[in-house]
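For reference, each letter of the sequence shown is one residue, going -8 to 325 in the numbering used here.
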Amino acid sequence: MTFYGQTNDGVPDRGHVLFITALVMVLTAAIFVTIRLATRIHLKKFGWDDLFLVIALAASVMTTIAVNLADLWFPAVVHGYGRRKADMGEGIHIALKWFFVAQIPYKIALGFTKASIVLLYLRVFITESFQRVGKGFLTVIAAWTVASVLVTIFQCIPIEASWNHNIKVKQCVDKDSWWYAFAGINTVTDVLIAILPIPPVRHLKLSKRDRIGLCFVFGVGAFVCVTSIMRTVAVSQTSTGLDQSWDFIPRSVWTLVECNMGIICACLPMMRRPLSFLFPWLFRGSSRNESERLSYVPIELRYTNRQLRPRGSQSQEEILQSDVRDKRALADEE
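And the structure:
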């Protein structure tokens, strides 16, 4: 008998690791998204980036359900996903079917998370050059997401052959090559998202410490890069494994971590105060007034609805006027 991935029949089982990871990660992501949405709605600044993140969370929940739940059961776990193939019997086809289903919303969640982060950048950095780059990158993300979902669905013809290995007449892509390609492209896009805001931030009229702090806040995608790399390593270590229900548990765990960590990191730029508490040296100015002005991520988004502009794009008069507006906004907030 198996319950929540734990077995008492003496059969080795890793299913509980997958279940616990899925539950903890998706609940944590949901908490972060709820805090972000509550903040945005309260400030009347709900935008497309927030909507895309909600869709990403919904897809992540679907991934968790596909891995662990169906009709109040835990098919991927109950039917043997996490056990060795020899110990599963006919349950292997049901387990692999739900593993196949989980891959689809997983890729959707990744795509919408990346798009949400880029949309946030586009709201903040309004220079023409950055807008062109950002929108171009959005197009790449959209094309990559659609392509990855289609390849996942039609990786075998007939589709059922993806999980039913008893079907002999079939045409399938080289799954190892596909997984490597997907993991590699996914990691590259994460790296590009992490460095995308660095050039415009460098041109802001801020001190070196402040620019580093702003890069840190907007560069939270670097955290996702780590999980992407770890998943790629897990893929490489299991690509030749023949016992999919047992050997794929580590990569499935990293899949769930990566999916939800991306959502969590996408929420961090809206949470300057917790970040400033954890990393005060990045956000603390040399004086009280300077410290207040550096509530940036963004002060403009949270208080004055101003956009971050690069040095040289405003006249001295505009800069002085914007400074006055900032001080008034800070006074109102206090």
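Quick reminder that beta carbons are idealized off the backbone N, C-alpha and C, glycines included.
Every value quoted in this text rests on a predicted model; they were computed, and no experiment measured them.
Using the rule of at least 16 other Cβ atoms within 10 Å of the residue's Cβ for burial, across every protein chain shown, is residue i buried or exposed?
i	result
Ile189	exposed
Ser120	exposed
Arg123	exposed
Asp41	buried
Arg193	exposed
Leu130	Note that residue 130 is Thr in the sequence shown, not Leu. The residue in question, Thr130, is exposed, as its Cβ has fewer than 16 Cβ neighbours within 10 Å.
Cys170	The sequence shown places Trp at residue 170, not Cys. Buried, because 16 or more other Cβ atoms sit within 10 Å of the Cβ of Trp170.
Thr218	buried
Ala138	exposed
Thr136	buried
Ala134	exposed
Ile132	buried
Thr25	exposed
Ile22	exposed
Lys166	exposed
Pro149	exposed
Gly253	buried
I'd like the span of the alpha helix (DSSP H) that includes residue i, first residue to last.
i	result
Glu119	119 to 144
Phe173	166 to 186
Trp39	39 to 59
Ser243	240 to 258
Val192	189 to 193
Using the C-alpha atoms, what's the distance from residue j back to residue i?
i	j	result
Val109	Ile85	38 Å
Arg27	Trp154	38 Å
Asp181	Ala172	14 Å
Thr178	Asn157	34 Å
Val244	Phe145	24 Å
Met16	Ala29	20 Å
Ile56	Ala93	8 Å
Gly125	Val45	21 Å
Leu183	Phe10	31 Å
Lys36	Phe43	14 Å
Trp39	Ala106	10 Å
Thr54	Leu187	28 Å
Leu34	Phe91	41 Å
Leu247	Gly127	28 Å
According to DSSP, is residue i helix, strand or coil?
i	result
Ile99	helix
Ile148	strand
Consider the C-beta atom of residue i and the heavy atoms of the ligand ATP; say whether any pair is separated by less than 8 Å.
i	result
Lys126	Among the components of this structure there are no ligands whatsoever, and the ligand ATP is therefore not found.
- Message: Pairs of beta-carbons, one from the segment 99 to 116 and one from the segment 151 to 167, closer than 8 Å: are there three or more?
- Response: Contact check between the segment 99 to 116 and the segment 151 to 167: fewer than three CB pairs, one atom from each, fall below 8 Å, which does not count as touching.
- Touch test, the segment 92 to 108 against the segment 48 to 55, Cβ-Cβ under 8 Å, three pairs minimum: yes
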